[in-house]
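In UniProt numbering, the protein residues as written are 1 to 1189.
Encoded structure:
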C-alpha cells in the first residue's frame, strides 16, 4: 500500500522514490510460472538492485523514477550487485554527476552487513554523493540521549568521517516510531528511535547539491519508518510559467508553431513597432511590450499544442475518496511524530488512530480497484478486449544494467556508452572472404526485370492501404537492392531512448520484407550443393540402402536429413554433410552456432533402440558431442522419435492452459468480462495456439485429444459462468463452440483449401499427383516404410489425406499473378475513381444523389452507365448463384449479359463476376462506337467494389484480374478516358439496379458457364457447414438425459445463440440462466446430488428445493411467475428451458425474482466502505507491517 499511495498521491511532487523493503508480489504468469515483481504503475519506471531474479530472491532496496528528458538514471551493478544496496547515478546535462547510495542494513552487528561491505568498494567519491537508507544502527551522534553501540558501528562512523561524509539528520529527531510486536510469545513495545540516516560527502556539501532535506511522516503512510525527502539542486531555478498551464509540445513541429505565431505577431506589430521606435522607452512601454509579446506566445501555444494533463490511465481508480483516506493516514502520522519528539514515547490513542486510518485505506483501496476493474470489463467494447490480455502478463521492465565491453575495459554505464557497446558487438565488420565475388550488375541480362520507378503516392498507398499488423510489401520490393543496402546507418534504441545514427557495414533494416528474399539468394549456393546432380549419391551397393542427403533452409535455420536401414549409417552421412555445409559457410563469411545443433533419429521399429551420437572437432578447437534429443522443434512443431507428437500436444495444451488461466482474472460467475468477449478471446487467442499446425500432427488418438479437451473444458466453464460439475456437452452447445475434434477437422479442411492458393512449384504441391502441378514431373516423395501388403493396403501420407478434402479443379489462386509494381488507381490520377459506400448518410439521400447524377449523364453522348448485380437463391435445400450486367447510353439500354455460376459459388463471387462482365461489355462497346470516353460502373456490394481492381491472392482473383486488365487497357489506349467505379443503394427504385437485379435472378436458373468451378468462398463455407452437420448429427443421436435434457431442444450452432448475445453486459444474469438450464445451480437438489453438506430443504418448507419447485411452485417467487405463464400457462419446464420464447421469459423471471442465487434473492450492489463504520483497534495489538517499504 505504501508504494501505491506514493506513486499515486505524489506523482506531481517527486521524480524519484528510494525504497527499502519494497512491495514484491504476484504480477502474473509467464509460461505457467508465477512472476513476482514490484508494483507497476504507468508513468513510473522501477529499478531493482539485481539483474538476476530467482524465486526466493526479493530485493530489499529499490528505486522508482519518473522519466524526464533533462535527466537520466543509471544502475551501477558494475560496482556491487546485492539486494541490500542500490547505487544509482543521476546525470543532468551541464551539471556534475550525482550518486545516490540506497542501503538496507539488515544485520547491523555482522561482519557481512552491507555497511561493512560498502567500505571495501573502490568507489571514487569525487562527485556529489549521498548515502541514505535504513542503517539500523544506534550511535550518540544521532540517537536520542546516550545509547550503547558496538565496535562495528564505530568503524562505520570512522570510515564515513574519513571519506568526508557529513550527517544530515538532526540529533534525536525520530525516524522510526514506536511499534508493538510479539517476540518469542511475549508482547513488546519498541521505543521510537533514529535509524534512517543520510550522509553526504564533501563535494555535495560544497556545491549544496542536496537541499531541503527533511523527515516527513506524512509520506510514510503504512510503513513503520518515516520518510526522508530532499531536492537535488545544482543551482537551477524554476522559471515561472507565464501561461499558467503546461503544454505538451512533443507532437508540434517548429514549422507548425511558427506558422501559427506569424499571424499573432502581425496583429501586435503596430504596438511592438511603436515601442521599438522610441530610443528610450519608458517602464510602462517595456511592460506593454513584454505583455503583448507574451500574449502572442500564449495564444500560439494554446492553439497548436495540447494542455498537459496527467493521464487518467496512470491511476484510474485513484479518486478524491482515496486522496482523503491517504491524507487521513498522513495527518495521524504527523501527529504521532510531534508527540514522540516532545515526549520521547508514543501515545496509545494515536497508535490506534493510525491503525484505524490504515485499515480503512486498505479496504477502500481494494473496493476502488475492484469497482474500476468491474466497470471497465463490463463496459468494454470489442476493440478493447485485446488489451486485457496484458493484465495477467508477468513482465518486468527495468532499465538496462551496465554492459560489459570486453576484457580489461570498464563496463558501459551511460546511455551513450551502452549504445556504443551494443553497436560494436552487433554490427561487427564482415570478415574477409577467401574469394571475393564481383558480379556484373551494370550490364543487363535477358531475364532482368525493368526497374519501375516508385512514386510518393505509391509508397503512401502501400503503407496506408495495408493492415497495421502487416508490413507494407507492394513497393518495397521494387527498390534497387544495392542502394537499399549501401551507405546504411543505424541507431541503438535503449530504455526507450534512441542513440545517435552511425554507419554500419552489415545487416538490413529490421522487419524489412526484403530479408527472406535476400536470405534465399545468399544461401542458394548451399542448397545447390545438396541438389542433384551436385548431390553425391551413396553407393548403390550399400547394404543399408541409404537415400541421398537433403537440405531444407528457412532463412537461417537448416535441416539435413537422410534415410537408411541403419541409424549408424545415417549419423556418418549426416556428419559428412554437415562438415561440407560448414566449409561453405566459412567461405561465405558465416559460421554455424555450435550450441544450436540438434540430432534426431526417426524410427518406429523396435530394433532401432540405439541412439548413436555425432562427435565434432569444431573450428574453435573444442570437441563437442551432439546427442539425440527426445524432441526437436522445427517451425514451432515438436517432433518426437516415433512421430506420435504426444509431447507436442502436451506443450500446446500447457500453453493454452496458461492463457485460459490468464483469462480467469477477467471474469468469474457474477462479474467481469461478458461471455461474448470471453468467447472471442478464447477463439482468437487460445484455439490458434492449441491447434497450431494440427493438420500435420493430428491422428485422432485419445492421447492427443485429451489434453486439448481439458483446456477447452476449463474455458467453457469460464465463458458460461458455470460450475465445475456442469456437463461439457451442455456448455459446448451453450457457448456455440464445437468439440475439439470437430474444430481440428475444420482446420484440416481449411488447410486443404489453402492448397489451391499455392504456386504449382511449391514443395507441397510437387508431392501431390500430376493434376496438381500442370503435368510437370513431381518431386520424388521421401521413402515410406515398407508395408507387408502394400499392394492391397497402399499407404497414404498425411499430405495426401489432407489433399483428399479438396480438388485441383476448384478455384486456383495464383500468388504471383501480378508483380509488386502493378498498376493501381494512383497510376491514373484524375482518370480512375473508386467510390465506395459512404459511412454516414441515409439511404433515401444517397438514392436521390445517385438519380440526380445519372440524369445528368443521360445528356453526355461520351458516357455510358453500367449496372451489375449478383444473386443467390435457395431452392429445395440447394443454392444457385447468378450474375448479370446491363448498360445504358443516353438513357437507353444498349447491352445486357447473364452468367450462371451454379451451386458452388457465393454472393460475393456473383458480384465480382458481374463487375467483370460489366468491364468486358462496356470496353467492347466503347471500342466499337469510338466516341465513348467515360465509363460509369455501379454495384450495390461494397466488398466487391473495394477488391475488384486489386487482384490479390484471394477469392475471385480471376474476376478481379480480368476486370483490371480490361480497364487498364482502355485507359492506356485512350488518354481522354475516365473510369468511375461507384456504389449505389439497392432495392430502392433505381432503374438500372432493379434491371440488373432482375437479370441476376434469371441467371440463377442458367447452366453453369463461369470460368471458375467451385469458388474458394464456397469451399470455405461448405467446410464449415460440414463440421456443423457432423456436430448436429451427433447431437441428434445422443441420449438426452440428466438435468440438461429439458433444455437440450435447440440444435447446436457455430454462431452465438440469441440469449448468449442478448445478455452481453449482464454476466451474473447469464450465469444464472446457464446454471438453471443445466440444473447445476444453487438449489437443494444440486447440493444433495453432490453431497455438499448444505441444507437441501427450501425455505418455504419443501423437502427438497428442486429446479421444478422454484420455477413452478415456490411461493417466494409467486409475484414473478406470471412472466413464465405468458409462454406456458402450466409452466411446463421443457417449454420454459428449451424454447427461444421460454428462455426470454426465463431471463425476465430470473432478473425480477433473484431465483437461483446463493441467497435466493436479487443480488445487491456493494457499497463503498465508510470510515465511520471502521472500528477503533486495540493499540496494544501487533502493528501490521505492510510489504511496501
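C-beta: ideal position from N, C-alpha, C; glycine also.
All figures in this text were calculated on a predicted structure; none of them were measured in a lab.
Contacts around residue i, its chain only, beta-carbon distance under 6 Å, and the 5 residues preceding and following it disregarded
i: residue 1137; result: 1046, 1047, 1077
i: residue 1096; result: 1084, 1087, 1088, 1104
i: residue 265; result: 296
i: residue 478; result: Low confidence applies to residue 478: its pLDDT is 39, below 50, so where it sits in the model is not reliable enough to give any reading.
i: residue 1155; result: 1110, 1117
i: residue 728; result: 713
Nearest residue (CA-CA) to residue i, options the options
i: residue 673; options: 163, 263, 1071, 960; result: 1071
i: residue 1166; options: 39, 497, 366, 1080; result: 366
i: residue 837; options: 893, 503, 940; result: 940
i: residue 989; options: 998, 982, 597; result: 998
i: residue 987; options: 869, 1073, 1075, 1040; result: 869
i: residue 416; options: 839, 502, 406, 345; result: 502
i: residue 1098; options: 1092, 718, 1106; result: 1106
i: residue 399; options: 278, 622, 264, 66; result: 66
i: residue 599; options: 627, 575, 573, 572; result: 627
i: residue 834; options: 547, 560, 948, 18; result: 948
i: residue 391; options: 695, 50, 666, 418; result: 666
i: residue 418; options: 491, 815, 563; result: 491
i: residue 172; options: 1019, 21, 215; result: 215
i: residue 21; options: 11, 12, 39, 342; result: 39
i: residue 423; options: 506, 731, 1037, 207; result: 506
i: residue 206; options: 128, 281, 117; result: 128
i: residue 1054; options: 1141, 737, 766, 891; result: 737
i: residue 170; options: 161, 143, 163, 694; result: 143
Backbone CA spacing between residue i and residue j [nearest angstrom]
i: residue 44; j: residue 86; result: 18 Å
i: residue 69; j: residue 1171; result: 42 Å
i: residue 8; j: residue 711; result: 39 Å
i: residue 1068; j: residue 1125; result: 24 Å
i: residue 381; j: residue 664; result: 19 Å
i: residue 489; j: residue 525; result: 29 Å
i: residue 661; j: residue 35; result: 14 Å
i: residue 894; j: residue 916; result: 17 Å
i: residue 936; j: residue 1003; result: 23 Å
i: residue 1149; j: residue 321; result: 37 Å
i: residue 1184; j: residue 11; result: Unreliable positioning characterises residue 1184 in this predicted model, as indicated by a pLDDT of 48, which lies under 50. The coordinate reading is nonetheless provided below. Roughly 26 Å between the two C-alpha positions.
i: residue 285; j: residue 275; result: 6 Å
i: residue 374; j: residue 671; result: 7 Å
i: residue 277; j: residue 252; result: 34 Å
i: residue 1160; j: residue 1152; result: 12 Å
Any chain D beta carbon closer than 7 Å to residue i
i: residue 726; result: The question asks about chain D, but that chain is absent: this structure has only one protein chain.
Cβ neighbour criterion (16 or more within 10 Å) applied to residue i
i: residue 336; result: buried
i: residue 924; result: exposed
i: residue 386; result: exposed
i: residue 887; result: buried
i: residue 901; result: buried
i: residue 1074; result: buried
i: residue 675; result: buried
i: residue 823; result: buried
i: residue 1015; result: buried
i: residue 955; result: buried
i: residue 319; result: exposed
8 Å CB neighbourhood of residue i in its chain, flanking five on each side removed
i: residue 433; result: 587, 588, 589
i: residue 630; result: 640, 641, 647
i: residue 268; result: 292, 293, 295, 296
i: residue 178; result: 189, 190, 191, 192, 340, 345, 346, 351
Cut-off 7 Å between Cβ atoms - residues of its own chain near residue i, not counting five sequence neighbours on either side
i: residue 757; result: 813, 815, 953
Please give me, in chain order, every unbroken run of the beta strand (DSSP E) with length at least 3 that falls completely inside the UniProt domain "RNase H type-1" (860-1005). Here the runs fully enclosed are 863-875, 878-889, 892-902, 934-939, 978-983.
Exercise. Give, in chain order, every unbroken run of the alpha helix (DSSP H) that is at least 4 residues long and sits entirely within the segment 1027-1104.
Key: Fully enclosed alpha helix (DSSP H) runs of 4 or longer: 1058-1062, 1067-1078, 1084-1089.
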